[in-house]
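>
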Amino acid sequence: MSKDQNPPFIQAIFLRRYKRFLADVRLPDGRVVTVHCPNTGAMTNCLVPDSPCWLSESANAKRKYPYTWEIATANGGKKAGVNTGRANRLVAAAIENGTVVQLQGYQESASEVRYGEEKSRIDLLLSSHPNRPGEQCFVEVKNVTYGLPGGGGLFPDAVSTRGSKHLRELMAVAERGDRAVLFFCVQHSGIEWVEPADAVDPVYGATLRQAANKGVEVLAYRARFTTREIKLDREIPVRL
1471 MSKDQNPPFI QAIFLRRYKR FLADVRLPDG RVVTVHCPNT GAMTNCLVPD
1521 SPCWLSESAN AKRKYPYTWE IATANGGKKA GVNTGRANRL VAAAIENGTV
1571 VQLQGYQESA SEVRYGEEKS RIDLLLSSHP NRPGEQCFVE VKNVTYGLPG
1621 GGGLFPDAVS TRGSKHLREL MAVAERGDRA VLFFCVQHSG IEWVEPADAV
1671 DPVYGATLRQ AANKGVEVLA YRARFTTREI KLDREIPVRL
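One rule links them: number in the working numbering = place in the sequence shown (from 1) + 1470.
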């Protein structure tokens, strides 16, 4: 879909988040409405009352909440993409359009494929690379919105036993000779590098460093925000 075909996001004012998946916002016409919050995390530093936010609107008339919260104003006036459901699509699109140079050349791609001894689903499974015969590339995507003053970005923003499980699965992939990639999809305009949030989840941080030492590749790409789209456009460092 081209940029001109994407409907523009609707700007509103964020009021509050509650019950995990709901938020109240004020629309431009003054109405206060409840919107879907597609984010299970703590959304640390992304909940600034009375700040601008941006919504998408569903054409599905049966939806109880037609608006979805897409972008928040984070601390410091930065933009943060809070719809974690977009992360996989952003990464897939960035691979397809050539932005992610490390993952070029694969001829086939699948999503949500079951794998591993802990019964996980991989976000993206790439295969059929002409220079890597027989190899599969397992890509686990994590959405990063926890930004700090000075440009740091942390993951996770809450204890994530599921995240540690995914790292163990990726280590097993690397040990058997396939390619394993942890991909930080950074939906935050102020983040310049990513590192593990050791103070939040020290187990995840330790497991991530172990995974990197065992051959799991760790990548981070940051998003650019416009009134019509969110798009990954550049790589940023990962500090372990």
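Ideal Cβ positions, reconstructed from N, Cα and C, are used throughout, including at glycine.
These numbers come from a predicted model, not from an experiment.
On the DSSP bridge list, what partners appear for E1527?
BP columns for E1527 point to Y1537.
> Check each candidate in A1512, G1500, F1479, I1480 and name the one with the smallest Cα separation from R1490.
Closest by alpha carbon: A1512.
> Tell me where the beta strand (DSSP E) around E1610 begins and ends.
Note, E1610: beta strand (DSSP E), 1607-1614.
> If contact is defined by three or more beta carbon pairs under 8 Å, each pair taking one atom from either stretch, is the stretch 1532-1542 in contact with the stretch 1492-1506?
The answer is yes - the stretch 1532-1542 touches the stretch 1492-1506, with three or more Cβ pairs under 8 Å.
> What does the Cβ neighbour count give for P1711, buried or exposed, with the cut at 16 atoms within 10 Å?
Examination of residue 1711 is not possible in this model, given that the chain is present from 1471 through 1710 alone.
> Pick from Y1691, L1710, D1703, L1652: whose alpha carbon is nearest that of G1675?
For G1675, the nearest C-alpha among the options comes from L1710.
> Report yes if the C-beta of V1518 is less than 7 Å from at least one heavy atom of the ligand SAM; otherwise report no.
The model on display carries no ligand, and the ligand SAM is accordingly not part of it.
> Please return the same chain residues whose Cβ sits closer than 6 Å to the Cβ of R1679, not counting the five positions on each side in sequence.
For R1679, where only same-chain residues beyond five positions count, the Cβ hits under 6 Å are L1710.
> Under 8 Å, with one C-beta from each stretch per pair, do the stretch 1601-1614 and the stretch 1548-1560 reach the 3-pair mark?
Segments in contact, yes.
> Buried or exposed for G1549, going by 16 or more other Cβ atoms inside 10 Å?
The amino acid at residue 1549 is misidentified as Gly; the sequence shows Lys. Label assigned to K1549: buried.
> Specify the secondary structure class of I1592 as computed by DSSP and reduced to three states.
Strand.
> State the start and end residues of the unbroken beta strand (DSSP E) segment that holds A1564.
Run containing A1564: none in the beta strand (DSSP E); it sits in the alpha helix (DSSP H), 1557-1566.
> So the candidates are F1653, D1494, L1517, A1493; which of them puts its Cα closest to the Cα of G1617?
The shortest C-alpha separation from G1617 is found at L1517.
> Pairs of beta-carbons, one from the stretch 1688-1708 and one from the stretch 1560-1573, closer than 8 Å: are there three or more?
The stretch 1688-1708 vs the stretch 1560-1573: in contact.
> Specify the secondary structure class of K1549 as computed by DSSP and reduced to three states.
Here K1549 sits in strand by DSSP.
> For the beta strand (DSSP E) that V1583 lies in, which residues bound it at each end?
Taken as a continuous stretch (DSSP letters only), the beta strand (DSSP E) holding V1583 covers 1578-1585.
> Where does D1474 sit, in a helix, a strand or coil, going by DSSP?
Residue placement at D1474 cannot be trusted, given a pLDDT of 44 that sits under 50; what the coordinates show is reported in the next sentence. Three-state DSSP puts D1474 in a helix.
> Mind checking which residues open and close the beta strand (DSSP E) that includes V1673?
Here V1673 belongs to no beta strand (DSSP E); instead the alpha helix (DSSP H) covers 1672-1683.
> DSSP puts L1637 in a beta bridge; with which residues?
None, per the DSSP bridge assignment.
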